[in-house]
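Undergrad: Numbering (this note's numbering), first residue to last: 121 to 595. Idealized CB from N, CA, C, for every residue including glycine.
1. Beta strand (DSSP E) containing residue 458: first to last residue?
2. If we require 3 or more residues per run, which beta strand (DSSP E) segments fall completely within the region 322 to 358?
3. Short of 8 Å in beta carbon distance, which residues of its chain neighbour residue 220, apart from the five on each side in sequence? Order them along the chain.
4. What are the start and end residues of the beta strand (DSSP E) that includes residue 443?
5. Given residue 520, which residues of its chain have a CB within under 7 Å of its CB, disregarding the five upstream and five downstream residues?
6. Quick one: Cα of residue 217 to Cα of residue 372, how far?
7. Would you call the region 360 to 370 and the region 233 to 245 in contact, with 3 or more CB pairs under 8 Å?
8. Using the three-state DSSP reduction, which class does residue 507 fall into: helix, strand or coil?
9. With a threshold of 8 Å between beta carbons, is residue 327 in contact with chain C?
10. Report the residue ranges of all beta strand (DSSP E) runs contained in full by the region 453 to 501; include only those spanning at least 3 residues, in chain order.
11. With 16 other CB atoms within 10 Å as the buried threshold, where does residue 313 fall?
12. Rounded C-beta distance between residue 535 and residue 467? I'm assuming under 8 Å.
13. Check each candidate in 517, 319, 563 and name the one with the smallest Cα separation from residue 446.
14. Anyone know if the C-beta pair for residue 137 and residue 337 falls short of 8 Å?
15. Helix or strand or just coil, what does DSSP make of residue 549?
16. Exposed or buried, which one is residue 172 when buried takes at least 16 other CB atoms within 10 Å?
17. Return the CA-CA distance between residue 578 and residue 334, expressed in angstroms with no decimal places.
18. For residue 268, name the three-state secondary structure that DSSP assigns.
19. Measure the CB-CB distance between residue 421 and residue 583 and report whether it falls below 8 Å.
20. One question on the structure: do residue 330 and residue 587 come within less than 8 Å of each other, judged by their Cβ atoms?
21. Give the single residue among 182, 167, 362, 348 whose Cα lies nearest to the Cα of residue 139.
22. Evaluate contact between the region 252 to 259 and the region 372 to 386, counting only Cβ atoms and requiring at least three cross-stretch pairs below 8 Å.
23. Would you check if the region 317 to 329 and the region 278 to 289 touch, i.e. whether three or more CB-CB distances between them fall below 8 Å?
24. Tell me the rounded alpha-carbon separation between residue 145 and residue 315.
25. Does the distance from the C-beta atom of residue 600 to that of residue 341 stay below 8 Å?
26. Helix, strand or coil for residue 367 per DSSP?
27. Count the other CB atoms within 10 Å of the CB of residue 346; is the residue buried (16 or more) or exposed (fewer)?
28. Which same chain residues, not among the five before or five after residue 473, have their C-beta less than 8 Å away from its C-beta?
29. Mind reading off the beta-carbon distance from residue 156 to residue 304? Whole number of angstroms is fine, and I expect it under 8 Å.
30. Assign residue 291 to one of three DSSP states: helix, strand, or coil.
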């Protein structure tokens, strides 16, 4: 059980995150994109008349679409770097961005002009599609065409009646491609990762046995995600299950009953991050450029340290110590510690020498997180003991005797932290079910609090590390 409430309660455990990668195959979308967007854009047989009076014709053909990393939609123009470095200003993207790209070859003809025709090589360009993709609260994918652009590599220089014909052509081709991609994203909208996430969630609802009387209980709460990454056609999103894990001792605690909650949106990071262009990527604001920082897994554990063992440690330290003054002395012969209730302990110190008997001290346990030790703050004689000593051992310096006991009763918490580390190290890397396996690390274990009851001194520890789940047989 966790420590009971105290007048100065311990800080609550920080929120943990359990990573669950999910993979989505976007091959159906790529196939649809290649089917829905024409391979050939043929308007060579007749002229198009522009409202300003210009007449032109064109022919273009493309390669197959492929998925592209972020940043490849740069254009080879002297001003493009400035333009693209500023594209994000004032924009907060709602989710991940997928990029598709293909090569284009084109030619343009007018009544007395041509470009890329005849003895000339066809002119080159690239067609880029930006697909905004997100997970819905019900764990389905939703996508829409955010933008489409045609970037010329070696543009035609044809201007008729103040009309830049190449620019008109790129806009026309982009509009045609946008319509086709708009139909292709229906394949993405039909995808879901719910079964994958639900399998992981249901597994985490049940306590994990650590040893016969110790259990790791996850206490799952919310589900978030980081956004899609990769260059496709298989892309990855990291589901983050938030939890407040604890280790409990005794009987197996009941399994959590909460069903998979809706996905917490928007995602904790934005952007579809592949091998981004370094110069472009370096200009992005933090909210867009940073991927989700890997979050830690924290486990709170209260380890009981029985008073019999603590008494033995205390006796080994104090037995044989002496306190002398004015030719008189006391020799400590034994020591013990007991729980007094109310987050207090009592120490009994037996002595012989020029006086024979025992004294009682009362103190409250306090954790020193820096030194990883427990001391007993405000250590004092109990009232009856102090009155008796002042009457029968009036030569004894009570402050000196108390300071000796206080300095020798500082306890390390290594036994508690080592036990927790051992419990977790053998647990975090194993299969939890036929389809779900757990993999994690323990980076540190520290004492963060202490509480005394009548049965034991309880050391609260915080374990920090990472934890992820792998779900097999799901998309």
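TA: By the coordinates alone:
1. Your numbering for residue 458 matches position 338 in the chain shown. Counting along the chain, the beta strand (DSSP E) containing residue 458 begins and ends at 448 to 459.
2. Within the region 322 to 358, the complete beta strand (DSSP E) runs of at least 3 residues are 328 to 331, 334 to 337, 340 to 345.
3. Position 100 of the chain shown, counting from 1, holds the residue named residue 220. Taken in chain order, the residues that qualify are 150, 153, 185, 186, 187, 188, 248, 249, 251, 301.
4. Here the question's residue 443 lines up with position 323 in the chain shown. For residue 443, the enclosing beta strand (DSSP E) starts and ends at 442 to 445.
5. Locating residue 520 in the chain shown gives position 400, where the first residue counts as 1. Once the five neighbours on either side are set aside, the close Cβ partners of residue 520 are 443.
6. As a first step, residue 217 must be located in the chain shown, where it is residue number 97. As a first step, residue 372 must be located in the chain shown, where it is residue number 252. Taking the straight line from one Cα to the other gives about 45 Å.
7. No contact exists between the region 360 to 370 and the region 233 to 245.
8. Residue mapping note: residue 507 aligns to position 387 of the chain shown, counting from 1. DSSP places residue 507 in the helix class (H, G or I) of the three-state scheme.
9. As a matter of chain content, chain C is missing from the structure shown, which is built from one protein chain.
10. Runs of the beta strand (DSSP E) spanning 3 or more residues and lying entirely within the region 453 to 501 occur at 465 to 473, 477 to 488, 493 to 501, in chain order.
11. On the chain shown, residue 313 is found 193 positions in, with the first residue counted as 1. It is buried - the Cβ of residue 313 has at least 16 other Cβ atoms within 10 Å.
12. By one-based count along the chain shown, residue 535 stands at place 415. By one-based count along the chain shown, residue 467 stands at place 347. With 8 Å as the limit, residue 535 and residue 467 do not qualify as a contact, their Cβ atoms being about 19 Å apart.
13. Along the chain shown, read from residue 1 onward, the residue named residue 446 stands at position 326. Comparing alpha-carbon positions, the option among 517, 319, 563 lying closest to residue 446 turns out to be 517.
14. If you number the chain shown from 1, residue 137 lands on position 17. If you number the chain shown from 1, residue 337 lands on position 217. Not in contact: residue 137 and residue 337 (Cβ atoms no closer than 8 Å).
15. Counted from its first residue, the chain shown places residue 549 at position 429. When DSSP states are grouped into helix, strand and coil, residue 549 belongs to the coil group.
16. Counting from one through the chain shown, the residue named residue 172 turns up at place 52. Exposed, by the Cβ-count rule.
17. As a working mapping, residue 578 is identified with position 458 in the chain shown. As a working mapping, residue 334 is identified with position 214 in the chain shown. Computed Cα separation, rounded: 15 Å.
18. Walking along the chain shown from the start, residue 268 turns up at place 148. If DSSP states are grouped into helix, strand and coil, residue 268 belongs with the strands.
19. Position 301 of the chain shown, counted from the first residue, corresponds to residue 421. Position 463 of the chain shown, counted from the first residue, corresponds to residue 583. Cβ distance < 8 Å, so residue 421 and residue 583 count as in contact.
20. Counting from one through the chain shown, the residue named residue 330 turns up at place 210. Counting from one through the chain shown, the residue named residue 587 turns up at place 467. Not closer than 8 Å, so no.
21. Position 19 of the chain shown, counted from the first residue, corresponds to residue 139. Considering only alpha carbons, the answer is 362.
22. Inter-segment contact for the region 252 to 259 and the region 372 to 386 is present: three or more beta-carbon pairs are separated by less than 8 Å.
23. The answer is no - the region 317 to 329 does not touch the region 278 to 289, with fewer than three Cβ pairs under 8 Å.
24. Numbered from 1 along the chain shown, position 25 holds the residue referred to as residue 145. Numbered from 1 along the chain shown, position 195 holds the residue referred to as residue 315. Taking C-alpha positions only, residue 145 is separated from residue 315 by approximately 15 Å.
25. Lying before the first or after the last residue shown, residue 600 is absent from the chain, which here runs from 121 to 595.
26. Along the chain shown, one-based indexing puts residue 367 at 247. Strand.
27. As a position in the chain shown, residue 346 is number 226, starting the count at 1. Counting Cβ neighbours within 10 Å, residue 346 comes out buried, since at least 16 surround it.
28. Against the chain shown, residue 473 aligns to sequence position 353. The residues are 442, 448, 449, 450, 451.
29. Position 36 of the chain shown holds residue 156. Position 184 of the chain shown holds residue 304. Indeed they touch by this definition, with Cβ atoms about 5 Å apart.
30. As a first step, residue 291 must be located in the chain shown, where it is residue number 171. Residue 291: helix per DSSP, three-state reduction.
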